[in-house]
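Reading through the structure tokens given below for one structure.
Chains as they are written, first to last, in our numbering: chain Y, 1 to 165; chain R, 1 to 104.
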């Protein structure tokens, strides 16, 4: 019962933040709504008994990505005229598409997974298992290393793209 | 073990994805588009972790995939924002309706 109430609360926070992000005219406020949405998702990870990902969500999404987006907003400030339209011409079509997609997918998910409950308890020390899976050769060691190469390449690429010439 | 059905998490993630999709396709500012993409990636992670919790809490595949989604999301936002800043320097706008040099 408590879990249900907490889930509904955090789901409300997440969706309110998301809707604020896409409907807010002022971009800085939209970024703050986005951070609220990320916080709601972090709380949902706690409910899903994945505390490591709740912490990662706070550090990477609310910390790193939030700061990066706010920096980018400040670097490109003043390029959008105040008072001009902030939505493009096709927004009503897109809204219709999103609602139809949500109804169809939601109905399908409800048919398929409406009665699936969590029956197993999470093992103690699942974080140790995650570390082991990510570093073992027959686990995900190779994709993990490739992900680190991807991050370095993205870092170098970002620096190269924005460098003053 | 009480709790909510798996479908609740999945429907929440679908709603988050649809809201992000609307943001990506309807906003004129390029940075608002990046924010929409971030919401969509978050929805994917909620899905992965919900399936992990409900169907394989003993295994670690769901969590491992969520880790990779985080890495890709970080790379995506860094390169995406760098591109937007570079376009802003060259063309003095981040309005997607005016960034149409490569359009037909």
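Ideal Cβ placement from N, Cα and C applies to all residues, glycine included.
Residue 7/R sits away from residue 162/Y, with the two beta carbons spaced by 8 angstroms or more. For a Cβ distance threshold of 7 angstroms, residue set 72, 75, 76 and 162 of chain Y lies close to residue 85/R, ordered along the chain. Within the stretch 12-69 of chain Y, the complete alpha helix (DSSP H) segments at least 4 residues long are 27-47 and 51-56, listed from N- to C-terminus.
For residue 11/Y, the nearest beta carbon of chain R is closer than 8 angstroms to its own beta carbon. For the set 51/Y, 19/Y and 55/Y, the Cα lying nearest the Cα of residue 125/Y is the one of 51/Y. The C-beta distance from residue 80/R to residue 22/Y rounds to 17 angstroms, too long to meet the 8 angstroms contact threshold.
Among the bridge pairs identified by DSSP, residue 95/R is matched with 29/R. Residue 43/R and residue 47/Y have their C-alpha atoms roughly 15 angstroms apart. In this structure, DSSP gives residue 87/Y an extended state, which the three-state scheme calls strand. Looking at the backbone, the Cα of residue 97/Y and that of residue 106/Y are separated by about 14 angstroms.
In summary, residue 38/R is buried, with 16 or more beta-carbon neighbours lying within 10 Å of its beta-carbon over all protein chains present. Less than 8 angstroms divides the Cβ of residue 27/R from the Cβ of residue 86/Y. Using a 10 angstroms sphere on the CB of residue 149/Y, the tally of other CB atoms stays under 16, which defines it as exposed.
If you check each beta-carbon in the stretch 98-126 of chain Y against every beta-carbon of chain R, the ones closer than 8 angstroms belong to 98, 99, 101, 102, 105, 106, 109, 110, 112, 113, 114, 115, 116, 117, 118, 119, 120, 121, 122, 123 and 126. Residue-level contact check: residue 67/R touches chain Y, since one or more beta carbons of chain Y fall below 8 angstroms from its beta carbon. Interface with chain R (8 angstroms Cβ-Cβ cutoff): residue 141/Y is excluded.
An exposed status is given to residue 98/R, since fewer than 16 other beta-carbon atoms sit within 10 Å of its beta-carbon. Contact of residue 101/R with chain Y is not assigned, every C-beta pair being separated by 8 angstroms or more. In the three-state reduction of the DSSP assignment, residue 42/R falls in the helix class, which pools H, G and I. If you ignore the 5 residues before and after residue 69/R, its C-beta comes within less than 8 angstroms of the C-beta of 41, 44, 45 and 48, all in its own chain and listed in chain order.
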